[in-house]
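Per our numbering, the sequence shown runs over residues 5 to 191.
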Amino acid sequence: ISSKQNFKIVQNLTAGITPNEISLCQNQSQLINLNGQLSGSSPGGVWKEVSVIPSKNNAQNILNGLFNTQNQAPGTYLVEYTVSPESPCQESSVILKININPNPIADAGPDKTITCSSPIVDLGGLNSSVGTEFIYNWSGSVGSNSSLITNTSVPGTYQLIITNTITSCTASDNVIVEFANDLPLPS
Numbered sequence: 005i006s007s008k009q010n011f012k013i014v015q016n017l018t019a020g021i022t023p024n025e026i027s028l029c030q031n032q033s034q035l036i037n038l039n040g041q042l043s044g045s046s047p048g049g050v051w052k053e054v055s056v057i058p059s060k061n062n063a064q065n066i067l068n069g070l071f072n073t074q075n076q077a078p079g080t081y082l083v084e085y086t087v088s089p090e091s092p093c094q095e096s097s098v099i100l101k102i103n104i105n106p107n108p109i110a111d112a113g114p115d116k117t118i119t120c121s122s123p124i125v126d127l128g129g130l131n132s133s134v135g136t137e138f139i140y141n142w143s144g145s146v147g148s149n150s151s152l153i154t155n156t157s158v159p160g161t162y163q164l165i166i167t168n169t170i171t172s173c174t175a176s177d178n179v180i181v182e183f184a185n186d187l188p189l190p191s
C-alpha cells in the first residue's frame, strides 16, 4: 500500500525594520520614499497612515509608498507597512515615525532710526522663541551678536537667526536701521 501526500510550502514574509524615526523641520518640503526607509522587508506590502492626527490629504500618496511633507503641520505622523503572507503564516507590520518639528520664531523688531537724541538703537522684538535650547546670532556691527536683544549705532540691515539646538530648525528676521535726516553729515 502506498500513499501520496501533497505539501504546499508557503514563504513567510516580513515587514522589515525602520530607522528610529525621520525628523524634519516645518516647511522643509520633501517627498519621502517610504519603501526606501525599510530594511529587510518583503515586497508587495501595503502602506497606510495610522497617525492620531492625520496628515493633510493623506500626505498625498501614502498608498503608493510616498509621504509628502509639504504643507504638513508640525507633529508626529505614523505610517504602517503590512505584508500578508498565505496561511498559516502570520501578517507582519512595522510603523515608521515621521516627526515634523516646529520652526522657532525670529523677531528682529521694528525698523529703527538713529537720531541725535538716540545715537544707539536696540534691536530685537518681543515675539522671538526663548529658552535654553535656542541660539541667537545677529549679523553686522551689533553690541552682542549672540543675545536675543542687542544694539547698534551703525545703519544697515541686520538679520537675527535663531536655531533650535535640539531639532536644528532655524528661523530668521531682518530689521533695517537708518540715519535720521536731523543728523549732521561728516565733512
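Think of the CB as a built atom: it goes at the ideal place given N, C-alpha and C, for glycine as much as any other residue. Here the structure is a predicted model, which means the values were calculated and not measured.
Strictly by DSSP, which residues pair up with residue i?
i, result
"Leu164", "Trp142, Asp177"
"Val87", "Ser96"
"Leu28", "Ile104"
"Thr117", "Glu182"
"Gly79", "Ile104"
"Ile21", "Ser43"
"Asn72", "Leu35"
For the putative contact between residue i and residue j, defined by C-beta atoms under 8 Å, what is the C-beta separation to the nearest angstrom?
i, j, result
"Cys173", "Asn107", "5 Å"
"Ile139", "Gln30", "That pair is no contact at about 18 Å."
"Ile102", "Ile36", "7 Å"
"Thr156", "Val134", "Going by Cβ atoms, the distance from Thr156 to Val134 rounds to 21 Å, so no, they are not a contact pair."
"Leu28", "Tyr85", "At roughly 19 Å, the Cβ-Cβ gap does not stay under 8 Å, so Leu28 and Tyr85 are not in contact."
Between the options, which has its C-alpha nearest residue i's C-alpha?
i, options, result
"Val83", "Gly160, Gln74, Val54", "Val54"
"Ile166", "Val158, Asn155, Gly129", "Gly129"
"Ser59", "Tyr81, Ile153, Asp126", "Tyr81"
"Thr119", "Gly49, Asn185, Lys8, Glu25", "Asn185"
"Thr3", "Asn168, Lys8, Thr161", "Because the chain in this structure spans residues 5 to 191, residue 3 falls outside the shown range and cannot be described."
"Val56", "Asp111, Pro89, Gly79, Phe71", "Gly79"
"Gln32", "Leu152, Ser88, Ala77", "Ala77"
"Pro159", "Ser122, Ser151, Asn168", "Ser122"
"Glu90", "Gly49, Ser6, Gln34", "Gly49"
"Ala110", "Ser7, Ser151, Asn24", "Ser151"
"Asn72", "Gln94, Gln34, Glu95, Asn10", "Gln34"
Starting from residue i and walking both ways along the beta strand (DSSP E), at which residues does that stretch end?
i, result
"Glu53", "50-53"
"Lys8", "Neither: Lys8 is in no beta strand (DSSP E) and is coded neither H nor E."
"Asp126", "125-127"
"Thr169", "Premise fails: Thr169 is in no beta strand (DSSP E) and is neither H nor E."
"Leu35", "35-37"
"Asn149", "Unbroken run through Asn149: none, as it is neither H nor E."
"Asn155", "154-156"
"Asn131", "Here Asn131 belongs to no beta strand (DSSP E), and DSSP marks it neither H nor E."
"Leu67", "That residue, Leu67, is in no beta strand (DSSP E); it is neither H nor E in DSSP."
By Cβ distance below 7 Å, which residues in the same chain neighbour residue i in space, the five residues on each side in sequence not counted?
i, result
"Ile170", "Glu137"
"Asn1", "The structure shown has nothing for residue 1, since the chain only spans 5 to 191."
"Gly44", "Thr18, Gly20, Ile21"
"Thr66", "Contrary to the premise, residue 66 reads as Ile rather than Thr in this sequence. Excluding sequence neighbours, Ile66 sits near Trp51, Lys52, Glu53, Val83."
"Asn75", "Lys60"
"Ser46", "Leu17, Thr18, Val87"
"Ser97", "Ala19, Glu84, Tyr85, Thr86"
"Asn168", "Pro108, Glu137, Phe138"
Is any heavy atom of the ligand FMN found at a distance shorter than 6 Å from the C-beta of residue i?
i, result
"Asn155", "The ligand FMN is absent from the structure shown, which contains no ligand whatsoever."
Give every residue of the same chain whose Cβ lies closer than 8 Å to the Cβ of residue i, excluding the five residues on either side of it in the sequence, and list them in chain order.
i, result
"Asp115", "Val179, Ile180, Val181, Glu182"
"Leu4", "In the structure as shown, the chain starts at 5 and stops at 191, and residue 4 therefore has no counterpart that could be examined."
Taking 6 Å as the limit between beta carbons, can you name the residues of its chain near residue i, skipping five residues before and five after?
i, result
"Gly69", "Leu38, Asn39, Trp51"
"Gln163", "Ser143, Ser176, Asn178"
"Ile26", "Ile102"
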